[in-house]
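In order, the protein sequence lines correspond to chains E and V.
Quick note on our numbering: the first sequence kicks off at 8 and runs consecutively.
Quick note on our numbering: the second sequence kicks off at 8 and runs consecutively.
Beta carbons are placed, not taken as given, at the ideal position from N, Cα and C, and that holds for glycine.
Note that the structure is a prediction, hence the values are computed from the model and not measured.
There are 2 protein chains.
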Amino acid sequence: MSERTEIASLGEFGLIDHLTRNNETRNASTLVSVGDDAAVIDHFGRQTVLTTDLLVEGIHFDLSYTPLKHLGYKSVVVNLSDIYAMNAQPTQILISIAFSNRFSVEALDEFYAGVYTACQAYGVDLVGGDTSSSQKGFIISVTAIGEVAPDQYVKRSTAKVNDLICVSGELGGAFLGLTLLEREKKIFAETGAQPDLEGQSYIVGRLLKPEARKDVIEFFSEAEILPTSMMDISDGLSSDILHICKQSEVGCVLYEDKLPFNEEARQFAYKLQLDPTACALSGGEDYELLFTVSQSDYEKIKNNPNISIIGYISEASEGTILVTRAGNKHALVAQGWNHMHAK
Amino acid sequence: MSERTEIASLGEFGLIDHLTRNNETRNASTLVSVGDDAAVIDHFGRQTVLTTDLLVEGIHFDLSYTPLKHLGYKSVVVNLSDIYAMNAQPTQILISIAFSNRFSVEALDEFYAGVYTACQAYGVDLVGGDTSSSQKGFIISVTAIGEVAPDQYVKRSTAKVNDLICVSGELGGAFLGLTLLEREKKIFAETGAQPDLEGQSYIVGRLLKPEARKDVIEFFSEAEILPTSMMDISDGLSSDILHICKQSEVGCVLYEDKLPFNEEARQFAYKLQLDPTACALSGGEDYELLFTVSQSDYEKIKNNPNISIIGYISEASEGTILVTRAGNKHALVAQGWNHMHAK
C-alpha cells in the first residue's frame with residue numbers, strides 16, 4: 008500500500024459509501040440492503056428486518072457516568088429503534104460483548120440485567136451472541152431482527168414532494184444530558200465536587216435511558232397510516248432529514264417554531280447559553296422517529312400529542328431550508344452528533 | 008457492588024451459561040435460542056438461522072502476520088461456518104467494524120476486498136453494518152443469516168446412542184499454523200530474521216484463510232442424509248464433542264487412529280516435538296464440521312473422501328473416551344483453543 012488516505016477525510020457516511028460502492032446483491036430475498044436503518048429480507052412472502060450497531064467505550068459511552076444496567080438497556084433500545092424506523096416489529100436480538108479484565112462477573116450481570124429488562128419491555132428474545140476478551144475497554148455489538156407484513160416496510164428513499172415532515176416526542180434532550188454529565192465530570196475531576204443533577208432528571212434520562220417509539224408504530228397500525236419515508240434520529244434532525252432528502256431526491260422546509268422541545272431541556276439550554284434550536288437540530292441520540300406522510304393523512308396525525316408536524320417536502324431544486332421564527336431562511340447543514348460529541 | 012467474581016473463574020462457557028440462565032423466550036417464532044452454533048427463527052413455515060461473532064485484534068488475530076484481506080475473508084467464513092453447522096444455507100451478512108486512527112482508507116479497502124471475495128465465493132449478500140472509531144485496535148462484528156427448510160436444521164443436542172461420530176476434512180492444521188507464525192514472529196523480534204515459511208503453506212493457509220464446509224452440506228442434501236447432531240470445530244475437537252455429549256446427554260468413544268491428519272501438518276508437529284493427536288484434539292479454528300449420523304447412513308458416508316468416521320456415541324454413563332493407538336482409554340478433556348492460545 009503506497010497511498011494512505013485518512014479516514015477522517017471521508018467522514019463516517021462517506022466512508023460507508025466508499026466501502027459499499029461495489030456491493031452486489033446475489034439473493035433474490037435481499038429486498039433492502041445497505042443504506043437504510045435496517046435491511047429487509049424476504050422470507051417466503053413475509054419480510055424480515057435486520058440491523059446492527061457497535062458501541063465502543065470511550066467513543067459511544069463513558070462508564071464514569073453511565074450505569075451498566077442503563078447501558079445494557081440502551082444498547083438494545085437503539086437497535087430496536089432502527090427496526091421500528093422500518094415500520095416493523097422487533098422479535099429477536101443477538102448480543103456480543105468484549106471486555107477487559109477490569110470487568111467482574113457482577114459488572115456483566117448489571118449490564119445483562121439491563122439487556123433483559125429491555126427484552127421484557129419490548130417483547131423480544133435474546134437468541135445468541137458471543138463473549139470475548141478485549142485489550143481495552145468494553146465493546147458491545149447488538150443485532151436486532153424484526154418482521155413486517157409485505158409492502159409495509161418504510162424506507163428513507165421514498166419521501167414525495169408536498170409530504171408532511173413529522174417527528175415524534177421532543178428533541179435535543181439527550182444532547183443536553185450529555186453536555187450536563189460531561190460538565191459535571193470535568194468539575195469533579197478539577198474540584199472533587201459531587202455532581203449537581205438537581206432538577207435535570209429529564210435530560211439525563213434522555214441520554215442514559217432512551218426508549219424506542221414502539222407506541223408510534225402501533226399508532227400507525229391502528230390509524231392505518233403508512234409513512235412515505237422514515238428513519239430514527241440518532242445523529243440529529245439536520246443530519247437525518249438530509250439523509251431522507253438525499254436518498255429521496257427531494258428538498259425540505261422545516262419551521263423553527265414547530266420543533267418540539269421539553270421545557271426542562273429548554274431552561275437548561277438557556278442556563279448554558281446554548282440555542283435550543285441548535286440542540287434540536289444537531290444534538291443526536293434522541294431516538295425519536297422522523298417520518299413523512301401524505302397530506303391526506305393530516306387529519307389522522309394532527310391530534311396525536313406525541314407527533315409534531317415540523318415542515319414539508321419540497322422539490323430538490325428548492326434545497327433544504329430552515330425557516331426561523333423571524334421568517335429568515337437558512338440552509339440546513341449536517342452538523343451532527345459526531346461533530347458536537349468530538350472531544 | 009460489594010462482591011467481585013473474576014470472569015476467569017467461570018471460563019467462557021461458564022460465563023455464557025451464567026449470563027443466560029434466566030433468559031426467557033417470548034416469541035413463538037424463536038425455535039432455537041442461545042446455546043447452539045446459531046439461532047433458528049420460524050418465518051411463516053420456513054426457518055431463518057442467525058449467528059454472530061466478535062473478533063478483537065490482539066485476542067483473535069495478530070495483524071503483524073495477518074493480511075487484512077485474509078482477515079476480511081476469514082471474518083465472514085467463520086460466521087458462515089456456524090450457519091452450515093445448522094445444516095442451513097447462508098444468504099446475508101451484516102458487518103460492523105471499529106478501528107483506531109492508525110487505520111487508513113486503503114487498509115479498510117483491503118479488509119473489505121476480503122469480505123466481498125467471501126460474499127462472492129459463498130453467494131451471500133452484505134446487507135448492513137456499522138462503522139465506528141475505537142480507542143485501540145481493530146474490532147470486527149459479523150452477523151450471518153441463513154435459511155433452512157422446516158425440520159431440516161440440526162442442533163447440538165440431538166445425538167443418539169450408537170450414532171456414528173464424523174468429522175470433515177483434516178484437524179490440527181490451523182493450530183500448527185498459529186504455532187509457526189507465533190514462533191517466526193518471536194524470532195523476528197529477537198533477531199530480525201525473516202520468517203521461514205518454506206513448505207508450510209498448508210498450515211499457514213489453514214489459519215489465515217479457512218473455508219467453511221458448504222460442500223459437505225450440499226453432500227448431505229444430495230445424499231439425503233440428515234445428521235442427528237452437528238457443530239463446527241472452532242475450539243478444538245475435544246471441547247466441541249464434549250458440547251455435543253453434554254447437550255445431548257450422551258457419552259462418546261473416539262479412536263485416535265481414525266483422526267484425520269494432513270501429512271504436512273503431521274511432519275511439522277514432529278519437527279516441533281508436538282503430538283499430532285493433541286493438536287487435532289485441542290487445536291481450534293479448523294472450521295471443519297463435527298456431526299453424528301445414524302448407523303443406517305453408514306453406506307452413504309463411507310466412500311466420501313472428505314468425511315472421516317472417528318467414533319460413536321455411547322451411553323452418558325460410559326463417559327467421554329479416547330481409545331489410543333495402543334488400545335488404552337483416556338477421558339477426553341476440554342483443553343480447547345483458548346487455553347492453548349493464551350499468551
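State the Cα-Cα distance for the pair residue i and residue j, rounded to the nearest angstrom.
i	j	result
V/E306	V/I172	14 Å
E/Y277	E/K216	23 Å
V/S315	V/S164	21 Å
V/L62	V/A105	11 Å
E/A230	E/I90	20 Å
E/G179	V/L233	55 Å
E/T331	E/N313	23 Å
V/D44	E/S208	42 Å
V/A125	V/V84	7 Å
V/Q373	V/G136	One cannot answer for residue 373 of chain V here, as it falls past the ends of chain V, which runs 8 to 350.
V/K194	V/R213	Before going further, note that residue 194 of chain V is Ile rather than Lys in the sequence given. Taking the straight line joining both Cα atoms gives about 22 Å.
V/A166	V/T299	6 Å
V/A196	E/R109	29 Å
V/I14	E/S103	16 Å
V/A46	V/T37	8 Å
V/G334	V/I320	18 Å
V/T27	V/L279	41 Å
V/N169	V/E322	8 Å
E/H337	V/V211	59 Å
E/I317	E/I23	29 Å
E/D239	V/L288	49 Å
E/N30	V/L78	18 Å
E/S148	V/Q142	16 Å
Helix, strand or coil for residue i? Go by DSSP, reduced to three states.
i	result
V/F275	helix
E/L97	Going by the sequence as given, residue 97 of chain E is Pro instead of Leu. In the structure shown, E/P97 sits in a strand (DSSP, three-state: E or B).
E/S245	helix
E/A166	coil
V/H50	strand
V/L22	helix
V/K309	coil
E/G212	helix
V/H250	helix
E/I240	coil
E/V84	helix
E/E64	strand
E/E270	helix
E/S364	Residue 364 of chain E lies beyond the stretch modelled for chain E, which goes from 8 to 350, so this question has no answer here.
V/A340	The sequence shown places Val at residue 340 of chain V, not Ala. Coil at V/V340, not helix or strand.
E/S36	coil
V/L75	helix
V/E218	coil
V/V223	helix
V/T235	coil
V/Y262	strand
V/Y91	helix
Name the chain E residues whose beta carbon is nearer than 8 Å to that of residue i?
i	result
V/G5	No answer is possible for residue 5 of chain V: it lies beyond the span of chain V, which begins at 8 and ends at 350.
V/A46	Q99, L101, V134 and G135
V/T198	Chain E residues near V/T198: none, gap ~26 Å exceeds 8 Å.
Give the C-beta separation of residue i and residue j to the nearest angstrom, bearing in mind that I take them to be a contact with Cβ-Cβ under 8 Å.
i	j	result
E/L339	E/S245	5 Å
V/S88	V/A219	4 Å
E/T150	E/T59	4 Å
V/P267	V/G176	7 Å
E/R33	V/G130	5 Å
V/R53	V/P157	7 Å
E/S241	E/S255	Contact doesn't hold; Cβ gap of about 18 Å is too wide.
E/I152	E/T73	About 26 Å separates the two Cβ atoms, so there is no contact after all.
Report the neighbours of residue i on chain V: residues whose CB is nearer than 8 Å to its CB, in chain order.
i	result
E/S103	T59, D60, L61 and S148
E/F110	I14
Kindly list, in the order they appear in chain V, the residues whose Cβ is closer than 7 Å to that of residue i.
i	result
E/H50	H50, F51, R53 and T55
E/T124	None at all; the shortest Cβ gap to chain V is about 11 Å.
Output, in chain order, the set of chain V residues within a Cβ distance shorter than 9 Å of residue i.
i	result
E/S36	T98, Q99, D132 and E154
E/T327	Simply none; closest approach about 24 Å.
E/H250	Near E/H250 there are no residues of chain V at all, since even the closest Cβ is about 15 Å away, more than 9 Å.
In chain E, which residues lie less than 7 Å from residue i when you measure between Cβ atoms?
i	result
V/H25	V112
V/S303	None at all; the shortest Cβ gap to chain E is about 32 Å.
V/S208	The premise fails here: V/S208 is roughly 23 Å from chain E at the closest Cβ pair, so nothing lies under 7 Å.
Going along chain A in order, which residues have a C-beta closer than 9 Å to the C-beta of residue i?
i	result
V/G291	You won't find chain A in this structure, because its protein chains are E and V.
Worksheet item: Which residue spans inside the region 104-129 of chain V form an unbroken alpha helix (DSSP H) run of at least 4?
Response: 112-129
Discussion item. What ranges does the alpha helix (DSSP H) occupy inside the region 133-204 of chain E, keeping only unbroken runs of at least 4 residues that lie completely in it?
Written reply: 180-198
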